[in-house]
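Engineer:
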Amino acid sequence: MPAARAAVEEFLGGNFARFDGKVAEAMAYAVKGGKGLRGFLVIESARVNGVALEGAVAVAAAIECIHAYSLVHDDLPCMDDDDLRRGQPTVHRKWDEATAVLAGDALQALAFELVADSGLPAEATVDLIRNLARASGIEGMVGGQAKDIAAETAETPLTLDEIIDLQAGKTGALITWSASAGAWMAGENPSFLEDYGDALGLAFQIWDDVLDVEGDAALVGKAVGKDADAGKATFVSLLGLDEAKRRAEQLVTEACDALSIYGDDGECLRQAARFVISRQN
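Residue numbering for the sequence shown is 5 to 285, as defined by my numbering.
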């Protein structure tokens, strides 16, 4: 994962060098740090489908731009109102709200530019762009975020099935897109990687809820305990801490099983799934 993250950061650094001004500075700041999980999934799913790093790195950089944009906007006072992200001041705290909005908008636009200019075959490029638009828009991340905001003021807490549906959009859609991207690049059947991504995305969110309960803010890199303080329904509040952990472990097993078609070539993706429920941030 560190090697993939380094490749993406180098690629993005070359792109950001084209720009100047505080919005550009905020864009570069927003993509720094983090685990680079989504970019890694793109690069590794490409590798198991025979696509070299050179052909995948632009697509990996694109998803990291989309992810960073979503975090910049999610941290805004009108959304989650967070002061810290990845252990650093959030973009609107370091600059201002207008800069944060514009930086997020620009990162989203840059993501689609990067995929369009990736040099991949036309059909693969169109598939990637179409599915990224769906995964990041009202059918995916944005739709999930809207449900999450609505839940905060709802008269009754969400049920477990409703939380699963919400998180499939808010968190899971981009993870599944990332895990499937390599198959689209190669013109192969994405269904096995989609199954892997669906299970991984849900495990990821369950573990986020676990970290919100028992994580160390210094390690997590942002405030913890906010969900409980707000009385928000989460996987932990509905399942209990031990059962939430067990459910996450079961999902990781499902994710790993989905990779059987790739044999030993899928081991790095299996390790990524195991990492998701061992991480501290």
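Think of the CB as a built atom: it goes at the ideal place given N, C-alpha and C, for glycine as much as any other residue.
Going by DSSP, which residues form a beta bridge with L88?
Structural biologist: P93.
Engineer: Could you check whether Q209 and G176 sit closer than 8 Å to each other, using their CB atoms as the reference points?
Structural biologist: Yes.
Engineer: Along the chain, where does the alpha helix (DSSP H) that runs through W181 open and close?
Structural biologist: Residues A177 to A190.
Engineer: Which class does G196 belong to by DSSP, given the choice of helix, strand or coil?
Structural biologist: First, the residue type needs correcting, since residue 196 is Phe and not Gly in the sequence shown. Here F196 sits in helix by DSSP.
Engineer: Pair every Cβ in the region 48-65 with every Cβ in the region 87-104, then say whether three or more of these pairs are closer than 8 Å.
Structural biologist: No, the region 48-65 is not in contact with the region 87-104.
Engineer: So, under 8 Å CB-CB, A185 and L132 are touching, yes? Tell me the CB distance rounded to an integer number of Å.
Structural biologist: About 6 Å separates the two Cβ atoms, so the contact holds.
Engineer: Which of the three DSSP states is assigned to G6 in this structure?
Structural biologist: Correcting the residue type first, residue 6 is Pro in the shown sequence and not Gly. The answer is helix: DSSP assigns P6 an H, G or I state.
Engineer: Please list, in chain order, all residues of the same chain as L136 whose beta carbon is under 8 Å from its beta carbon, the five residues on each side excluded.
Structural biologist: Taken in chain order, the residues that qualify are A66, I67, I70, A115, F116, V119 and W181.
Engineer: Taking only three categories from DSSP, how would you classify N149?
Structural biologist: First, the residue type needs correcting, since residue 149 is Gln and not Asn in the sequence shown. Helix, per DSSP.
Engineer: Do V55 and F15 have their C-beta atoms within less than 8 Å of each other?
Structural biologist: No, Cβ-Cβ distance for V55 and F15 is not below 8 Å.
Engineer: According to the Cβ coordinates, are A248 and C260 closer than 8 Å?
Structural biologist: No, these two residues do not count as a Cβ contact at 8 Å.
Engineer: Can you give me the C-alpha to C-alpha distance between Y200 and R250, rounded to a whole angstrom?
Structural biologist: Spanning the two alpha carbons is a distance of roughly 18 Å.
Engineer: Taking 6 Å as the limit between beta carbons, can you name the residues of its chain near D79, skipping five residues before and five after?
Structural biologist: These residues qualify, in order along the chain: D86, R89 and T94.
Engineer: For C260, which of helix, strand or coil comes out of DSSP?
Structural biologist: C260: helix per DSSP, three-state reduction.
Engineer: Which value, in whole angstroms, describes the spacing of the CA atoms of A7 and L263?
Structural biologist: Approximately 22 Å, taken between the alpha carbons.
Engineer: Helix, strand or coil, according to DSSP, for N53 in the structure here?
Structural biologist: In the structure shown, N53 sits in coil (DSSP, three-state: anything other than H, G, I, E or B).
Engineer: Express the C-alpha separation of V214 and I179 in angstroms, rounding to a whole number.
Structural biologist: Those two C-alpha atoms are separated by around 19 Å.
Engineer: Can you say whether G25 is buried or exposed, counting buried as having 16 or more other CB atoms within 10 angstroms of its CB?
Structural biologist: Per the 10 Å Cβ criterion, exposed.
Engineer: Please identify the residue among E127, Q254 and G17 whose C-alpha is closest to the C-alpha of A30.
Structural biologist: Here the closest residue by C-alpha is G17.
Engineer: Using the rule of at least 16 other Cβ atoms within 10 Å of the residue's Cβ for burial, across every protein chain shown, is L255 buried or exposed?
Structural biologist: L255 should be labelled buried.
Engineer: For G267, name the three-state secondary structure that DSSP assigns.
Structural biologist: Residue state, collapsed to three classes: helix.
Engineer: Cα separation between D165 and K236?
Structural biologist: Straight-line Cα distance between these residues: approximately 15 Å.
Engineer: Just the C-alpha distance for C82 and W99, rounded to the nearest angstrom, thanks.
Structural biologist: Answer to the nearest angstrom: the Cα atoms are 16 Å apart.
Engineer: What is the DSSP secondary structure of N285, counted as helix, strand or coil?
Structural biologist: The answer is coil: DSSP assigns N285 none of H, G, I, E or B.
Engineer: Among F23, A203, V12 and I167, which residue has its Cα nearest to the Cα of K39?
Structural biologist: Minimum Cα distance to K39 is reached at V12.
Engineer: For A237, does the three-state DSSP call read helix, strand or coil?
Structural biologist: Coil.
Engineer: Leaving aside the five residues before and after Q171 along the sequence, list all residues of the same chain whose C-beta is less than 7 Å from its C-beta, in chain order.
Structural biologist: These residues qualify, in order along the chain: G148, L206 and Q209.
Engineer: If you draw a straight line from the C-alpha of A32 to the C-alpha of L75, how long is it?
Structural biologist: Computed Cα separation, rounded: 13 Å.
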